[in-house]
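Let me begin by presenting the structure, written as structure tokens, before commenting on it.
Residue numbers (the working numbering): 291 to 1098.
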């Protein structure tokens, strides 16, 4: 019997019956294919036989160039994958080998069908055997690389564009499936990302908030390519969708490597010169990465910036710092970001740039920056300010400010630190502090979340910068401090002008809270006083100091005016000892004029207008005499000589002083001041002492007056023996262990008093309010105490009664 007469095996006959016999039919026979799927799904061994035969059939048809039969075989494979998806691992290698063989033909229609089959394979396969079966992994990686090469073909030829779309469709099937999560894409990851990025012309479509379709039409399963529809926009959308799915579905373990590959593509293609492209790419990455993993992106960019060994700022460093600024300044939360590590790295790069400026011998103007250096410095400042857009913990802003203040080298007496001028360091750090305050304020206003209060202990050490010898440092610090006053409520409420009422802790100790805001203001007044009397001040210095006094007046109103009035009189009295007495006179007059307007004290406002009018007539008044906060920068670079030339101001002009008695008389008749201060006249007569002795004495006298007048102490609970002793003005006798019984008895008798609230005035106990106890209970206590025989070896000074502890 000849070989052709041998009976066919069941699986071969079933497969061959699936091929159509009638012309014009382009898909497998439906009924025969259903029977083949049923046969293959009945036993795994049968499925393996079917797969092996299809593999041989594909190889034979490819060799004979039977395009029609190959297309039918692809259809059969699709049906088998759908019907036997649970046993897909049994014929996965055959499927991948068959698709690779078809791609080698170079026929576009067959390759398009093979790409669709590959998409289905990625959707149905769980990736469990990839990485375990070496042969299967090798076939899969080889096939994936083939599709990546198709997506990376040259677009200069019109005929190659459709191959790019074919490869991108296959890649989309891979990156949008679960197989990318369970497999190891290291073998082809770099080529995959490069092929995606090479097809992206613009990220704008995926950076806007407009509603995009869940799946673009060109990536749908039954999409048919039309030559007239092929365009750059189609491949651009497909590439963006592939990149989006890759970032969203990749395991977090590979995010770091993916980020590195993205930036290696930028470097190899010299895209650092185009910052807009780099920023759009980082924006695209951040949007498609979960918030809990975005810190990986920021850290990788920071590492790449650290690898730039050159001290000189080049385009690469400028672009990287702008990328960090974009990531931090945009409202995209990066949970897990190490805030202080980022700040430290940014400050280190800033110092490196300043050091390069200082060491560069070719730099004749060390204070001037090149465009790239200015851009780099701006990026660092914006990056630090961007950290205020997201509060990852409650003390974040305070910690950043505290870190930056330490970088100011406040205790340093040297002019140069690590070969960098201290003044340059302070100017740069103060810019960072200012933008941090401003950015956080804007973020609080936009998002309506509460901002954290900055403790006085953080800001107070910086007061010495008011008297810094460098005008540029004084300017930057003044701008920062004005932002601080504008954007933060100081540690307590705005309307707090008197010390807070006493509070009592759980141990029944009385604690009078220390008015730290008052101490802060006193220290600030002293610093501003010293700054005002400093030699070689500029008009901008006076304008900043006046603006600070105005901010304090706005916050504390009459309380601030009464406390500052002796200071202003002191400044007027010492004006003759400085170089510009008329400037100091104008400073004092401007303050009182503003106080009269803001607090609506008509007599004060009228009197100050007369004084100012007289000074103008005597040619001892500058114009402009004052600047608002927004106009302070207009004063930069101006000197008093320039203002004198414009106003014909005379050095020998007669000084027109403000009469202190008139100011005192006006304030003594002010109703608000009278209601707020019972010792108003004493306060106004006080001579300001910059060393603070007069302040301390006045404050202690006020505290004593409050204690004597009976300041309200809420929920004060004291035992009866203590009150009796204080009323009799006798020295307190501390109960010892020997008379413990008597002490406990007294304590039990006063239990009603201990459990009730008492005012500042001691009350007598009510005999009817005692709790009746059983005689048996008292007897048990007596017996227990008699059984305790404890003798004190030394006189004890420990009191069993808690005495109030007052903090003045």
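We treat Cβ as the ideally placed atom computed from N, Cα and C, and that holds for glycine. Since the model is a prediction, treat every value here as computed from it, not as a measurement.
| Check | Outcome |
| --- | --- |
| Cross-strand partners of residue 423 (DSSP beta bridge) | 420 |
| C-beta contact flag for residue 457 and residue 438 at 8 Å | yes |
| Burial state of residue 524, where buried means 16 or more other Cβ atoms lie within 10 Å | buried |
| Residue 664 burial status per 10 Å Cβ neighbour count (16 or more: buried) | exposed |
| Length of the line joining the Cα atoms of residue 955 and residue 812 | 24 Å |
| Where residue 542 sits in the DSSP three-state scheme | helix |
| Spatial neighbours of residue 483 in its chain, beta-carbon cut-off 6 Å, leaving aside the 5 residues before and after | 551 |
| Backbone secondary structure at residue 711 - three-state DSSP | strand |
| Proximity of residue 459 and residue 509 at Cβ, strictly below 8 Å | yes |
| Start-end ranges of the alpha helix (DSSP H) lying completely within the segment 473 to 540, minimum 4 residues | 479 to 487 and 522 to 539 |
| Distance, residue 595 Cα to residue 767 Cα | 29 Å |
| N-terminal and C-terminal residue of the alpha helix (DSSP H) that residue 893 is part of | 892 to 907 |
| Rounded separation between residue 763 and residue 675 - CA only | 19 Å |
| Host alpha helix (DSSP H) of residue 981 (start-end) | Run containing residue 981: none; DSSP gives neither H nor E here. |
| Touch test, the segment 746 to 760 against the segment 813 to 833, Cβ-Cβ under 8 Å, three pairs minimum | yes |
| Top-ranked residue by Cα proximity to residue 604, from 697, 639 and 352 | 639 |
| Host alpha helix (DSSP H) of residue 625 (start-end) | Note, residue 625: premise wrong, no alpha helix (DSSP H); not H, not E. |
| Coarse secondary structure for residue 629, derived from DSSP in three states | helix |
| Inter-residue CB distance, residue 772 and residue 838 (contact presumed, cutoff 8 Å) | 6 Å |
| Distance between beta carbons of residue 882 and residue 948, contact taken as under 8 Å | 7 Å |
| Between the CA atoms of residue 892 and residue 959 - distance to the nearest angstrom | 11 Å |
| Opening and closing residue of the alpha helix (DSSP H) in which residue 744 lies | Looking at the DSSP string, residue 744 is not in any alpha helix (DSSP H), and its letter there is neither H nor E. |
| Endpoints, alpha helix (DSSP H) assigned at residue 588 | 584 to 596 |
| Neighbour flag for residue 576 against chain B, beta carbons, 8 Å | Of the chains in the structure shown, none is chain B; there is only one protein chain. |
| Cα-Cα separation between residue 1009 and residue 681, rounded to whole angstroms | Interpretation of residue 1009 is limited by its pLDDT of 32, a score under 50 that renders its predicted location unreliable; the figure taken from the coordinates is listed afterwards. Straight-line Cα distance between these residues: approximately 47 Å. |
| Environment of residue 965 [buried if 16+ CB atoms lie within 10 Å] | exposed |
| Among 853, 871 and 852, nearest to residue 861 - alpha-carbon criterion | 871 |
| Whole-Å CB distance - residue 574 paired with residue 493, under 8 Å assumed | 5 Å |
| Among 452, 514, 890 and 412, nearest to residue 468 - alpha-carbon criterion | 412 |
| Collapsed DSSP secondary structure at residue 387 in the structure displayed | helix |
| Option in 541, 545 and 572 with minimal Cα separation from residue 556 | 572 |
| Candidates 477, 901, 746 and 577: closest to residue 498 by CA position | 577 |
| Residue ranges of each alpha helix (DSSP H) within the segment 313 to 363, 4 or longer | 320 to 332 and 334 to 354 |
| Three-state class that DSSP yields for residue 706 in the structure shown | strand |
| Where residue 818 falls: helix, strand or coil (DSSP) | helix |
| Counted within 10 angstroms of its Cβ, other Cβ atoms place residue 743 as buried (16 or more) or exposed | exposed |
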